[in-house]
Amino acid sequence: MATEPDGNVQHQRKILINALYRRYQRALVRFLTRQRFSREEAADIVHDAYVRMHQVPDVAGIEYPQAFLYRLVSNLARNDEKHRRYIRGQGTVDVQSVDVPTDAPGPHRLLQGQQELALVRQAFNELSPKCRRAFAMHRFDGCSYAEIARELGVSVSMIEKYISQALTHLKGRLAVAGPQPEARLRLLK
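In structure tokens:
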């Protein structure tokens, strides 16, 4: 069950978003005015981007906020331009410029994926070096237990223990993090 962030967390999010707005607002407006948007249109698009930032679940977790904002503003500008062409009735719509829904992840999903990958890496790095190596050789290189045992100079029985230990540890760490998306589960099957 999801819980609402407490007031302090909400306050910190607002402070962070406001700081991002103050830091990048002028540069984003300049960026858009160079793309033939009026200053007012550019300011509106940048404002819309910051409204969207309030929908991001973990603003503090955005690894590259400047790149995230430029991508968000570019997408909003493209959508605004298409909308204006449609409203004005200027010619036909260029089929190549229409945004067709895709399976490609959006900014929120990319952020979530980055966070999940960091969690898996952290859990993987908590394993002992031999356990980590055995697991990687088996899962990623497709080596058999016998091949891994020869490479590491241990018994096949020890490799079985390493793999079991790795799976138990990784599943345990991911379970603590909350509901497990399918991508994390595939790694551990």
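Residue numbering for the sequence shown follows the numbering used here, beginning at 1271 and increasing consecutively. Heads up, the beta-carbon is just placed ideally off N, CA and C, and yes, glycines get one too. What you are looking at is a predicted structure, and each value in this text was computed from that prediction instead of being measured.
Distance from the CA atom of His1324 to the CA atom of Ile1287, rounded to whole angstroms, is 7 Å.
Ala1313 is positioned such that its CB atom lies closer than 7 Å to that of Val1299. The count of Cβ pairs closer than 8 Å, one atom from the segment 1397–1405 and one from the segment 1375–1387, stays below three, leaving the stretches out of contact.
DSSP, read as helix, strand or coil, puts Arg1306 in coil. Scanning Ala1337, Ile1315, Phe1338 and Arg1354 for the CA closest to the CA of Leu1346 turns up Ile1315. For His1408, the uninterrupted alpha helix (DSSP H) run begins and ends at Pro1399 to Arg1409, by DSSP. Boundaries of the alpha helix (DSSP H) around Glu1421: Tyr1415 to Leu1422. The beta carbons of Leu1290 and Pro1327 sit no closer together than 7 Å.
Around the beta carbon of Ile1285, fewer than 16 other beta carbons lie within 10 angstroms, which makes this residue exposed.
The count of Cβ pairs closer than 8 Å, one atom from the segment 1428–1444 and one from the segment 1389–1404, reaches three, so the stretches are in contact. Taking all protein chains shown into account, Ile1357 has fewer than 16 neighbouring C-beta atoms within 10 Å of its C-beta and is therefore exposed.
A straight line joining the alpha-carbon of Asp1318 with that of Val1279 spans about 22 Å.
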